[in-house]
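**Q** Sharing a structure with you now.
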Amino acid sequence: MGDENRWSPEHLFLGSLASCTMISFLAHAEHKGLDVLEYSSEIGGTVMRRVEDGRYAFVHVHQRPRVVVAAGQAAKATELIGKAERDCFISASTTAEVQNDWDITEQ
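Using numbering that gives the first Met the number 0, the letters of the sequence shown correspond one by one to residues 0 to 106.
If you want it as structure tokens, here you go:
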């Protein structure tokens, strides 16, 4: 629905969630002195009519953050995943199930 050449509210919601997760991770990484070389993410979601109230809403979001860190820092980066997910207030503000599949590698 709508003009496929324009951003939709759905795109903006997913973009804000991806951005919030990234900013949370990078803030924790900076605090811990982690050398993040690259960060990218793919994100998608499912909008359905909810059974409980009949309203359309995101019911599931699947995000795949990819992080490249300096050699020897993957374990340190992995320790920050829970904090980054917890501190993303966009994720905390939605009733959708948010699934994050992190890929952390070293360079």
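Ideal placement from N, C-alpha and C gives every residue a C-beta, glycine not left out.
1) Could you check where the beta strand (DSSP E) with Thr104 kicks off and where it finishes?
2) List the residues that DSSP assigns as beta-bridge partners of Ser40.
3) Of all the alpha helix (DSSP H) runs that stay within the bounds of the region 49-95, which reach a length of 4 or more residues?
4) Have a look at Asp34 and Thr45 and give me their C-alpha separation to the nearest angstrom.
5) Near Ala17, which residues of its chain fall below 7 Å by C-beta distance, leaving aside the five closest residues on each side in sequence?
6) Can you give me the Cβ contacts of His30 inside the same chain, cut-off strictly under 7 Å, excluding the 5 residues immediately before and after it?
7) Out of Val58, Gly81, Ala26, Val50, state which residue places its alpha-carbon closest to the alpha-carbon of Val99.
8) By alpha-carbon positions, which one of Ile103, Ala95, Thr104 ends up nearest to Arg49?
9) What residue does the alpha helix (DSSP H) around Gly14 start on, and which one ends it?
10) Going by CA-CA distance only, name the one from Ala76, Glu3, Val58 that's closest to Arg65.
**A** According to the structure data:
1) 102-105 is the span of the beta strand (DSSP E), which, as asked, contains Thr104.
2) Ser40 pairs with Pro64.
3) Those alpha helix (DSSP H) runs which fall completely within the region 49-95 and span 4+ residues are 73-78, 80-85, 88-91.
4) One alpha carbon belongs to Asp34, the other to Thr45, and they sit about 34 Å apart.
5) So the list reads Ser40, Ile42, Gln62, once near-sequence residues are dropped.
6) Nothing meets the Cβ criterion.
7) Rather than Val, the amino acid found at residue 99 in this sequence is Asn. Selected option, being the one with the closest Cα: Gly81.
8) Per the Cα distances, Ala95.
9) Going by DSSP, Gly14 is part of the alpha helix (DSSP H) stretching over 8-30.
10) The shortest Cα separation from Arg65 among Ala76, Glu3, Val58 belongs to Ala76.
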